[in-house]
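Data block below; observations after.
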Amino acid sequence: MCVDFTDLNKASPKDSFPLPRIDKLVDVTAGHETLSFMDAYSRYNQIKMHKPNEEKTAFTTDQGLYCYTVMPFGLKNAGATYQRLVNKMFTRQIGKNMEVYVDDMLTKSVTADKHVDDLRETFDMLTRYRMKLNPVKCVFGVPSRRFLGYQVHQRGI
Numbered sequence: 004m005c006v007d008f009t010d011l012n013k014a015s016p017k018d019s020f021p022l023p024r025i026d027k028l029v030d031v032t033a034g035h036e037t038l039s040f041m042d043a044y045s046r047y048n049q050i051k052m053h054k055p056n057e058e059k060t061a062f063t064t065d066q067g068l069y070c071y072t073v074m075p076f077g078l079k080n081a082g083a084t085y086q087r088l089v090n091k092m093f094t095r096q097i098g099k100n101m102e103v104y105v106d107d108m109l110t111k112s113v114t115a116d117k118h119v120d121d122l123r124e125t126f127d128m129l130t131r132y133r134m135k136l137n138p139v140k141c142v143f144g145v146p147s148r149r150f151l152g153y154q155v156h157q158r159g160i
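If you number the sequence shown the way the numbering used here does, the last residue is 160 and the count never jumps.
Structure below.
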């Protein structure tokens with residue numbers, strides 16, 4: 004089933020929360036020996052709706068009345084809302100041992116022997132917020148890989 008959010012998007016003010024600059028995220032991986040790349044599963048569908056707002060997302064079909072309990076795709080502010088969430092989740096790690104762009108996450112370690120501790124910190128936050136990863140798109144403990152369209156490795160791009 005497809006829901007058209009055109010009218011809702013027209014009525015909603017644009018959320019000006021900035022997305023990180025991709026070139027900066029790629030540049031700050033330089034000098035890190037070990038990298039792990041993660042992708043959040045189901046993206047925006049992991050953001051639970053505020054209970055009182057669920058009734059505002061109700062819609063009717065031939066099969067009955069439905070309402071969203073998670074943030075639906077198609078809302079113009081979904082990307083900014085998701086970025087705000089992951090920034091809050093990983094506030095202690097971003098810039099130190101992690102970079103996040105919406106649902107793409109990178110845990111980075113200057114030395115390989117520290118990487119397990121850095122990943123443990125990441126997974127503690129993922130568990131705390133009940134965020135799921137797509138295992139098919141995750142790669143752990145590698146020296147380089149593509150991230151946000153750029154090849155990242157120990158010496159940068």
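Just so it is clear, CB atoms sit at the ideal spot from N, CA and C, and this is done for glycine as well. In this text, all values refer to a predicted model and were calculated from it rather than measured experimentally.
With residue i and residue j assumed to form a contact (beta carbons below 8 angstroms), what rounded beta-carbon distance in angstroms separates them?
i	j	result
Ser39	Phe143	4 angstroms
Alpha carbon to alpha carbon, what distance is there between residue j and residue i?
i	j	result
Val31	Thr84	24 angstroms
Lys117	Tyr104	23 angstroms
Asp121	Ser112	7 angstroms
His35	Leu28	13 angstroms
Asn90	Ser147	24 angstroms
Thr130	Met92	11 angstroms
Arg95	Glu124	10 angstroms
Met108	Glu102	6 angstroms
Gly98	Ala33	12 angstroms
Gly152	Arg24	13 angstroms
Lys17	Val139	33 angstroms
Decide if residue i is buried, meaning its Cβ has at least 16 other Cβ atoms within 10 Å, or exposed.
i	result
Gln86	buried
Ser19	exposed
Asn137	exposed
Val119	exposed
Leu22	exposed
Asp106	buried
Val155	buried
Ala115	exposed
Ala81	buried
Identify, in the order they occur along the chain, each residue of the same chain with its Cβ nearer than 7 angstroms to the Cβ of residue i, setting aside the five sequence neighbours on each side.
i	result
Met128	Met92 and Phe93
Tyr132	Met92
Tell me which residues share the same chain as residue i and place their Cβ nearer than 6 angstroms to its Cβ, disregarding the 5 neighbours each side in the sequence.
i	result
Lys135	Tyr44
>> Restricting to runs no shorter than 3 residues, where is the beta strand (DSSP E) found entirely within the stretch 88 to 132?
In response: Qualifying beta strand (DSSP E) stretches, in chain order: 101 to 104 and 107 to 112.
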